[in-house]
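Structure, as structure tokens:
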Amino acid sequence: MAEINTAHIQIVLVEPHNAGNIGAAARALYNMGLEHLALVGWHETVEARRIAFEWATDGEPVLKRARRCATLEEALAGCGLAIATSARRGEDRPPAISRTDLIALLNHWTPSNQVAIVFGPERTGLRTEHLALCTHTMTIPTAPGKASLNLAQAVLLVGYEILIASGLAAAAAQPADIRALDRVATRAERRRLYEHASEALRAVNFLRPGRPDRPLDEICWMLDRAAATSHEVRILHGMCRKILRAVRKNRNGEQ
Ligand code: SAH
17 MAEINTAHIQ
27 IVLVEPHNAG
37 NIGAAARALY
47 NMGLEHLALV
57 GWHETVEARR
67 IAFEWATDGE
77 PVLKRARRCA
87 TLEEALAGCG
97 LAIATSARRG
107 EDRPPAISRT
117 DLIALLNHWT
127 PSNQVAIVFG
137 PERTGLRTEH
147 LALCTHTMTI
157 PTAPGKASLN
167 LAQAVLLVGY
177 EILIASGLAA
187 AAAQPADIRA
197 LDRVATRAER
207 RRLYEHASEA
217 LRAVNFLRPG
227 RPDRPLDEIC
237 WMLDRAAATS
247 HEVRILHGMC
257 RKILRAVRKN
267 RNGEQ
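The opening residue of the sequence shown carries number 17 in the numbering used here; numbering runs sequentially from there.
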């Protein structure tokens, strides 16, 4: 499957009313690794700019570079697909897609196409004439009956889905030096633990002579399921050592 090209994703805010939301949306895009914002029909007064930039903080460059468009048609001109986001579902709208469908579409189309994701005005949401320009609609899941999200938060949630799906988050979260603690125990380490545990568990009669080692097999399968690390296996060796030492001490005391 192709990779999502986030540089080909356009986030479009149609007639945003609240300047704080515009700034917060720009910040959300910055945090989620998206860069292209288009503002359709924003009344950009001096005061509105001041508020928007105050809310944008680190997202300031995204807001500065945002395309100012007079109409949605103008904003979507270069896009192959346009996905309308809406808190409401309804008939006579472009086909509804789920968030997993969204990711599949972005994977498929963004390598060679510009794809817009369109958000509506705070009070009314997208109107019929806006929906008519879009190819799909998408609703972000919410608690039943509580569908209407804050505009900037809706932008953040969509950005987050894209970030997670595009693997940017995984790359960022990957520590440069994977700690030795995190290495999954090798099969040889696992076998040595088996032998050591077998000795310790026999010493306390958990495993009995002449009986199968099935319980120990099961414990080791559990460790396999958990992908036990070398570090964790060493802790279990330490436990076995203490058991054997205690048993020996006990025996010596009894003699
Ligand atoms: N009262 C409006 C809500 C507008 S909220 C309505 O019912 O549609 C402003 C914008 O945020 C919406 O136009 C949409 O783009 C986005 N939004 C809010 N809640 C959403 C949801 N649950 N799913 C998808 N988009 C949502």
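Idealized CB from N, CA, C, for every residue including glycine. Please read all numbers here as calculations on a predicted model, not as lab measurements.
Of the residues K80, T245, R104, the one placed nearest P160, counting alpha carbons only: R104
Residue from R143, R109, Y210 whose Cα sits closest to the Cα of W237: Y210
Simplified DSSP state of F222, which is helix, strand or coil: coil
DSSP-derived helix/strand/coil call for E19: coil
Sequence-distant residues of the same chain with beta carbon closer than 6 Å to G36, five excluded per side: I67, W71
Span of the alpha helix (DSSP H) around T144: 144-147
Run of the alpha helix (DSSP H) containing M48, from where it starts to where it stops: First-last for M48: undefined, no H or E at that position.
Where Q130 sits in the DSSP three-state scheme: coil
Whether Q130 touches I25 by CB criterion (9 Å): yes
Secondary structure, beta strand (DSSP E): runs of 3+ residues fully inside the region 93-137: 97-101, 131-135
Counted within 10 angstroms of its Cβ, other Cβ atoms place T202 as buried (16 or more) or exposed: exposed
Buried versus exposed, by CB contacts within 10 Å (16 or more), A93: exposed
Validate contact between the region 140-153 and the region 88-102 using beta carbons, cut 8 Å, 3 pairs: yes
Counterpart residues of V56 in DSSP-defined beta bridges: V30, C85
For R195, three-class secondary structure by DSSP: Because the pLDDT at R195 is just 47, under 50, the model does not fix this residue reliably, and the point stays unresolved.
Closer than 8 Å: V134 CB and nearest the ligand SAH heavy atom: yes
Through-space distance from L232 to E205, alpha-carbon basis: If you take the alpha carbons of E205 and L232, they lie about 15 Å apart.
Selected residue, minimal CA-CA separation from H33, among I20, V174, G183, T140: T140
Chain-order list of residues whose beta-carbon lies under 8 Å from that of P225 (same chain, five-residue window excluded): Cβ within range, chain order: R218.
D193 burial status per 10 Å Cβ neighbour count (16 or more: buried): Annotation note: pLDDT 44 at D193 (below 50); position unreliable, coordinate value reported separately. Exposed, because fewer than 16 other Cβ atoms sit within 10 Å of the Cβ of D193.
Buried/exposed call for F222, threshold 16 Cβ in 10 Å: exposed
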